[in-house]
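*Asks:*
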Amino acid sequence: MNTSAIVQTQNLTKKHGSINSVNKVDLYVQEGEIYGFLGPNGAGKTTTLKMLLGLIKPSEGTINIFGESLNKRRSTILQRTGSLIESPSYYGHLTGLENMRVMQRLRNVPDKNIHEVLRIVRLENQKDKKAEQYSLGMKQRLGIAMALLAFPKLLILDEPTNGLDPAGIGEIRELIKSLPARYGITVLLSSHMLSEIDQIATSVGIISDGNLLFQGSMESLRKKGRSAIRLKTGDNTKAEELLLTQGYSLTKGGSRLEFDNLADREVAEINRLLVEHYIPVTRIEEQKKSLEDIFLELTGKERSL
Amino acid sequence: MMKQSISAELLKLRHSRIGLVLVVLPSISLMIGCANFYLNQGVLENGWYSLWTQVCIFYGEFFLPILIAICCSYVCRLEHLNRNWNMILTSPVSVASVFFAKLLVVSILILFTQAFFLGLYWLAGTLFSLPGHFPVETIGWSVRGWYATLSISALQLAISLRIRSFATPIGICLCAVFIGLGMYTANLGIFFPFSLLTIGMSALNQDQLTNIQNILFWVANLFFIIIFASISIRRLKKKDILSS
């Protein structure tokens, strides 16, 4: 087992009746990463995260966090894990500060942590207000503050930017991005928004209908989005023949000739060849697959993200 | 770990209005009992002890069990709201300590109520200018009654942990109160938590318990506490935490 694996699951499955809402998921989160867990609504993100925290019991599979089995070392693991699952938890009749104090007592952390996290999420000025009077965004900040309180080694955030306004989203995004470097926190966060994961995560896992379809670095996902060059000429059939004899492999023929992974030099070469053979080149276009396209390709549906 | 859970639990009681209920319900039951005593002074000739029977019928038989049910519903409702179970059960404290912290907090509240009720009883007796001294046995009865409330609390907590509604467990408690009365009159009181309270408080019968009865009383309560606690803890450990 890799020692730098903070979270590792094997064959993790949750059955609801005959349906597997999470199906044989092998999650792998390395130390220092911001792992984005991406999937459409109802794909099994929250269920998976709840299993990692022991809130839901897996039907099958194993969970190791910090290299230790969740079944055997629940308490030690939770000691070093902070989380915010679904919507933020709070006691409405208590003030923000008193809510933090409840968490402080449960986790046995010093007073200075409270003030530091309240400062980080910018709730210091509202800390004496009752939590039930908080706006949705403030509740979300309070939830993040509570998750951060013990400055855990692993932070699990379920849709952390829910309910925040655009300015708040940007702010929380910057905060999350700074956590690994500033406090040595590994972050596992879920989102149904590709753009958000794209901006925050260093690694990504894509889940749909309970199946983990892709897992790897953000870089490797982007590489799947390699660009294609499309050509239009005065005589496509002739051009196709010519280029094939010259050893170029087309991915698509017909009204538009398409090539994958062409270097700039090769594009120029193709153009020169065609012109020299008196085939007029009318278009050279670059077609870039967006992350969105890749995501839709992977999940196989044109569903709203 | 237990200490962490208890101090967190106590903190949650701040700004809550549960204290008001703890004061009002015993006061009402005492007033009804006193009115009854006042109107039937002719038949009730046993001074302080007669007053005890009158106030205790209402307090020990009805209002106290209901009060326990309210307290249990309240401490569980705190977690049912806003998905707070997510927060509590991802804290590094054991599930058992979560349950026992709640049981302990309820028992502290009830102990306070017992003391308050006893104070009211003394006040009422003094105002009626009852002959003789304040009967010290009533202190023992209140403590023994408090011990019996622990098994009711454990049962009500088990119900309230399971049922998210605030009122339903209280309704169940009300039914159990009547079953308890039946069991008590059928001399099967030792087998039912709610009847144990009647025995403990000496609400209906002020005769001293025999040694055997006394031991049975303590053992039966302990048995109920252990049973209901282990059922709840097991359930919290095994069941998925629902969110809604």
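Chains V and L supply the protein sequences, listed in that same order.
The first sequence runs -16 to 288 under my numbering.
The second sequence runs 95 to 338 under my numbering.
Even for Gly, the Cβ is constructed at its ideal location relative to N, Cα and C.
Tell me the start and end of each unbroken beta strand (DSSP E) in the segment 227 to 284 of chain V that is at least 3 residues and wholly inside, in chain order.
*Replies:* Listed in chain order, they are 240 to 243, 264 to 271.
*Asks:* Helix or strand or just coil, what does DSSP make of TYR18 (chain V)?
*Replies:* In the first sequence, the residue the question calls residue 18 (chain V) occupies position 35. The answer is strand: DSSP assigns TYR18 (chain V) an E or B state.
*Asks:* In the DSSP output, which residue or residues are listed as bridge partners for VAL187 (chain L)?
*Replies:* Position 93 of the second sequence holds residue 187 (chain L). Its beta-bridge partners do not exist; DSSP assigns none.
*Asks:* By Cβ distance below 7 Å, which residues in the same chain neighbour PHE131 (chain L) in space, the five residues on each side in sequence not counted?
*Replies:* Here residue 131 (chain L) refers to the residue found at position 37 of the second sequence. LEU138, SER144, LEU145, GLN148.
*Asks:* For chain L, check one thing: does any of its Cβ atoms lie closer than 8 Å to the Cβ of VAL12 (chain V)?
*Replies:* Translated into positions along the first sequence, residue 12 (chain V) becomes position 29. It does not: the Cβ of VAL12 (chain V) has no partner Cβ on chain L nearer than 8 Å.
*Asks:* Check the Cβ-Cβ distances between GLY146 (chain V) and every residue of chain L, and say whether any is below 8 Å.
*Replies:* Within the first sequence, numbered from 1, the residue matching residue 146 (chain V) stands at position 163. Not an interface residue.
*Asks:* Beta-carbon within less than 8 Å of GLY226 (chain L)'s beta-carbon, same chain only, minus the 5 sequence neighbours each way: which residues are those?
*Replies:* Counting from 1 along the second sequence, the entry for residue 226 (chain L) is found at position 132. So the list reads GLY141, TRP142, once near-sequence residues are dropped.
*Asks:* Could you list the residues in the segment 68 to 94 of chain V with a C-beta less than 9 Å from some C-beta on chain L, going in chain order?
*Replies:* From the segment 68 to 94 of chain V, only ILE68, GLU69, SER70, PRO71, SER72, TYR73, TYR74, GLY75, HIS76, LEU77, THR78, GLU81, ARG84, VAL85, MET86, GLN87, ARG88, LEU89, ARG90, ASN91 have a Cβ closer than 9 Å to chain L.
*Asks:* If you count every other CB in all the chains shown that lies within 10 Å of the CB of THR64 (chain V), and 16 or more means buried, which is it?
*Replies:* In the first sequence, residue 64 (chain V) corresponds to position 81, counting from 1. It is buried - the Cβ of THR64 (chain V) has at least 16 other Cβ atoms within 10 Å.
*Asks:* Where do the N-terminal and C-terminal ends of the alpha helix (DSSP H) with ASN130 (chain L) fall, by residue?
*Replies:* Here residue 130 (chain L) is taken as the residue at index 36 of the second sequence, counted from 1. 112 to 133 is the span of the alpha helix (DSSP H), which, as asked, contains ASN130 (chain L).
*Asks:* Tell me where the beta strand (DSSP E) around GLN198 (chain V) begins and ends.
*Replies:* Within the first sequence, the letter at position 215 stands for residue 198 (chain V). Counting along the chain, the beta strand (DSSP E) containing GLN198 (chain V) begins and ends at 194 to 200.
*Asks:* If you draw a straight line from the alpha carbon of GLY199 (chain V) to that of LEU255 (chain L), how long is it in whole angstroms?
*Replies:* What you label residue 199 (chain V) is simply residue 216 of the first sequence in a count that begins at 1. What you label residue 255 (chain L) is simply residue 161 of the second sequence in a count that begins at 1. C-alpha separation (whole angstroms): 41 Å.
*Asks:* Which of helix, strand or coil does DSSP assign to TYR74 (chain V)?
*Replies:* For this step, residue 74 (chain V) is matched to residue 91 along the first sequence. The answer is coil: DSSP assigns TYR74 (chain V) none of H, G, I, E or B.
*Asks:* Roughly how many angstroms lie between the CA atoms of LEU339 (chain L) and ILE(-11) (chain V), to the nearest whole one?
*Replies:* It is not possible to answer for residue 339 (chain L), since the shown part of chain L is limited to 95 through 338.
*Asks:* Are the beta-carbon atoms of LEU195 (chain V) and ASP9 (chain V) separated by less than 8 Å?
*Replies:* For this step, residue 195 (chain V) is matched to residue 212 along the first sequence. For this step, residue 9 (chain V) is matched to residue 26 along the first sequence. Their beta carbons are under 8 Å apart, which means LEU195 (chain V) touches ASP9 (chain V) by this criterion.
*Asks:* Just checking my contact of GLY239 (chain L) with MET295 (chain L) at CB under 8 Å: how many whole Å lie between their CB atoms?
*Replies:* Numbered from 1 along the second sequence, position 145 holds the residue referred to as residue 239 (chain L). Numbered from 1 along the second sequence, position 201 holds the residue referred to as residue 295 (chain L). The Cβ separation is near 4 Å, so the contact holds.
*Asks:* Helix, strand or coil for ALA222 (chain V)? Go by DSSP, reduced to three states.
*Replies:* Walking along the first sequence from the start, residue 222 (chain V) turns up at place 239. Three-state DSSP puts ALA222 (chain V) in a helix.
*Asks:* Output the boundary residues of the beta strand (DSSP E) element that contains GLY169 (chain V).
*Replies:* Your numbering for residue 169 (chain V) matches position 186 in the first sequence. A small correction: the amino acid at residue 169 (chain V) is Thr; Gly does not occupy that position in the sequence shown. That run of the beta strand (DSSP E) goes 169 to 174.
*Asks:* Which residues in the same chain have their Cβ closer than 8 Å to the Cβ of GLN109 (chain V), if we skip the five residues on either side of it in sequence?
*Replies:* Counting from 1 along the first sequence, the entry for residue 109 (chain V) is found at position 126. Cβ neighbours of GLN109 (chain V) beyond the five flanking positions: GLY79, TYR117, MET121.
*Asks:* Here's a check: name, in chain order, each residue in its chain whose Cβ is nearer than 6 Å to the Cβ of THR282 (chain V), leaving out the five neighbours to either side.
*Replies:* What you label residue 282 (chain V) is simply residue 299 of the first sequence in a count that begins at 1. Excluding sequence neighbours, THR282 (chain V) sits near SER191.
*Asks:* What does THR184 (chain L) touch in chain V if you count any residue whose Cβ is under 8 Å from its own?
*Replies:* Numbered from its first residue, the second sequence carries residue 184 (chain L) at position 90. Within 8 Å Cβ-Cβ: LEU36, GLY37, LEU38, LEU61, THR64, SER66, ILE68.
*Asks:* With which residues is ASP111 (chain V) paired in a DSSP beta bridge?
*Replies:* Locating residue 111 (chain V) in the first sequence gives position 128, counting from the first residue. BP columns for ASP111 (chain V) are empty, so no partner.
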